[in-house]
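Trainee: There's a structure below that I have some questions on.
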Amino acid sequence: MRVIFWGTPEFAIPSLRAIERAGHTIVGVVTQPERPRGRGRKPAPSPVAALAQARSWRVLTPEDPRDGAFVDELGSLGADISVVVAYGRILSRAVLDVPPLGSINLHASLLPALRGAAPITWAIARGHAVTGVTVMRMVEEMDAGPILAKAERPIRPADTGALLSARLAGMGAALLAETLARLDAGPVEEVQQDHARATFAPKVDRSSARIDWGFGRVQVARLVRAMDDVPGAWSVWRDQPVKLFGARDAGGAGDPGRVVQADPRRGLAVAAGDGVVRIAEVQPPGKRRMEAAAWIRGRGPGVGDRFE
Numbered sequence: 375m376r377v378i379f380w381g382t383p384e385f386a387i388p389s390l391r392a393i394e395r396a397g398h399t400i401v402g403v404v405t406q407p408e409r410p411r412g413r414g415r416k417p418a419p420s421p422v423a424a425l426a427q428a429r430s431w432r433v434l435t436p437e438d439p440r441d442g443a444f445v446d447e448l449g450s451l452g453a454d455i456s457v458v459v460a461y462g463r464i465l466s467r468a469v470l471d472v473p474p475l476g477s478i479n480l481h482a483s484l485l486p487a488l489r490g491a492a493p494i495t496w497a498i499a500r501g502h503a504v505t506g507v508t509v510m511r512m513v514e515e516m517d518a519g520p521i522l523a524k525a526e527r528p529i530r531p532a533d534t535g536a537l538l539s540a541r542l543a544g545m546g547a548a549l550l551a552e553t554l555a556r557l558d559a560g561p562v563e564e565v566q567q568d569h570a571r572a573t574f575a576p577k578v579d580r581s582s583a584r585i586d587w588g589f590g591r592v593q594v595a596r597l598v599r600a601m602d603d604v605p606g607a608w609s610v611w612r613d614q615p616v617k618l619f620g621a622r623d624a625g626g627a628g629d630p631g632r633v634v635q636a637d638p639r640r641g642l643a644v645a646a647g648d649g650v651v652r653i654a655e656v657q658p659p660g661k662r663r664m665e666a667a668a669w670i671r672g673r674g675p676g677v678g679d680r681f682e
């Protein structure tokens, strides 16, 4: 089939490669315009754009994908279908209907659970035991279209947002390739979502990544794992924001937010609402991520210090 691929972050790369390996023709790749990236915050193409440019595929970076001239340009590509994987914008009906087979989307949850921008993050933070990927036909309402295929996997106790994202990206790519093969062969059954069972996974902002030490130790550890590695869960120590990684339940007790262990060898432990959380790594302001023990050996916190 002739495919227009829509995607922006690293999560979309396995899907784009799977479509290429399956022998489909990539007639265009639509991605977000260049944005400041990396430590230098210099404008750079998205991961999807970089791959597309390396393959000499046509790259489109509209500021507004609803623009009439852009919609006309899509029509000129002669695509059979649009495939959308973490593009990052809501698409209009006019855009979705450009190809004769319409537009399908890979979403990183078991819809109708966790509709929205950050399903992987919130699956971990909310303590879900199982998650997965869904291929759906796109409609104008966010993540509400009929389902073409699903695959599930358990969330492991040590899964971080980054680890789970990588696993779901690979699983989703395989499911997407299978779904395209079925669509190429003929009509595919579409199952309507039960909208009454929908839950939502809003975009993660700075406030939602801040640790509330009054929460239980399990909830704090889940939040830290969910936000690892981007954007990073954080807390304030001596009026400075510090990102924390590798949290696990350590038992014990203490005043929420209080440092109960700051050992140059054993590392850092902080009290939560019902126990203690051990922290494996930290990222102080302007520094690289490091082991918590190394921070303590330098100018890190001591026992009795407080995270806010």
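Heads up: take any position in the sequence shown, counting from 1, add 374, and you land on the numbering used here. For every residue, glycine included, the Cβ atom is placed at its ideal position computed from N, Cα and C. Just so it is clear, the structure is predicted and the values come from calculations on it, not from any experiment.
For the stretch 510-518 against the stretch 470-487, are there 3 or more C-beta pairs whose distance is under 8 Å?
Mentor: In short, these stretches touch, since the Cβ pair count reaches three.
Trainee: Using the rule of at least 16 other Cβ atoms within 10 Å of the residue's Cβ for burial, across every protein chain shown, is Pro417 buried or exposed?
Mentor: exposed
Trainee: How close, in whole Å, do the beta carbons of Gly442 and Ile455 come, if the pair is a contact with beta carbons under 8 Å?
Mentor: With 8 Å as the limit, Gly442 and Ile455 do not qualify as a contact, their Cβ atoms being about 22 Å apart.
Trainee: Just to confirm the assignment: which complete alpha helix (DSSP H) runs, minimum length 4, are found wholly within the stretch 377-435?
Mentor: 387-395, 421-428
Trainee: Just to confirm my understanding: we take Gly490, look at its own chain, exclude 5 residues before and 5 after, and list those with CB closer than 6 Å. What are they?
Mentor: Phe574, Ala575, Pro576
Trainee: Over what stretch of residues does the beta strand (DSSP E) that includes Ser582 continue unbroken?
Mentor: Segment: none, Ser582 is in no beta strand (DSSP E) and carries neither H nor E.
Trainee: I'd like to check one pair, Val634 with Val677: are the Cβ atoms closer than 8 Å?
Mentor: yes
Trainee: Can Met510 and Leu465 be called in contact, C-beta distance under 8 Å?
Mentor: no
Trainee: For the alpha helix (DSSP H) containing Gln593, list its first residue and its last residue.
Mentor: 591-600
Trainee: So, at 6 Å on beta carbons, what are the nonlocal neighbours of Pro658 in its own chain, with the 5 sequence-adjacent residues on each side left out?
Mentor: Val616
Trainee: Can you give me the Cβ contacts of Pro474 inside the same chain, cut-off strictly under 7 Å, excluding the 5 residues immediately before and after it?
Mentor: Asp454
Trainee: Can you give the Cα-Cα distance for Gly660 and Gln614, rounded to whole angstroms?
Mentor: Distance from the CA atom of Gly660 to the CA atom of Gln614, rounded to whole angstroms, is 11 Å.
Trainee: Residues in the same chain with beta-carbon distance under 7 Å from His502, minus the five sequence neighbours each way, listed in chain order, please.
Mentor: Within the same chain, His502 has close Cβ partners Ile529.
Trainee: How is the beta strand (DSSP E) around Leu642 delimited, first residue to last?
Mentor: 641-646
Trainee: According to DSSP, simplified to helix, strand and coil, what is Asp558?
Mentor: helix
Trainee: Shortest alpha-carbon distance to Ala624 belongs to which of Arg612, Leu642, Pro638, Arg662?
Mentor: Among Arg612, Leu642, Pro638, Arg662, the Cα nearest to that of Ala624 belongs to Leu642.
Trainee: Any idea if Val598 is buried or exposed, counting beta-carbon neighbours within 10 angstroms, 16 or more meaning buried?
Mentor: It counts as buried.
Trainee: Out of Leu554, Pro419, Gly649, which one is the CA nearest neighbour of Arg591?
Mentor: Gly649
Trainee: Beta carbon of Ala627, beta carbon of Gly606: below 8 Å?
Mentor: no
Trainee: What does a CB cutoff of less than 6 Å around Ala543 pick up in its chain, not counting 5 residues either side in sequence?
Mentor: Exclusion of the five residues before and after Ala543 leaves Phe385, Pro388 as the residues of its chain whose Cβ lies within less than 6 Å of its Cβ.
Trainee: Assuming Ala426 and Val403 are in contact, meaning their beta carbons sit under 8 Å apart, how far apart are those beta carbons, in whole angstroms?
Mentor: 4 Å
Trainee: Within the continuous beta strand (DSSP E) that includes Phe619, where are the two ends?
Mentor: 614-625
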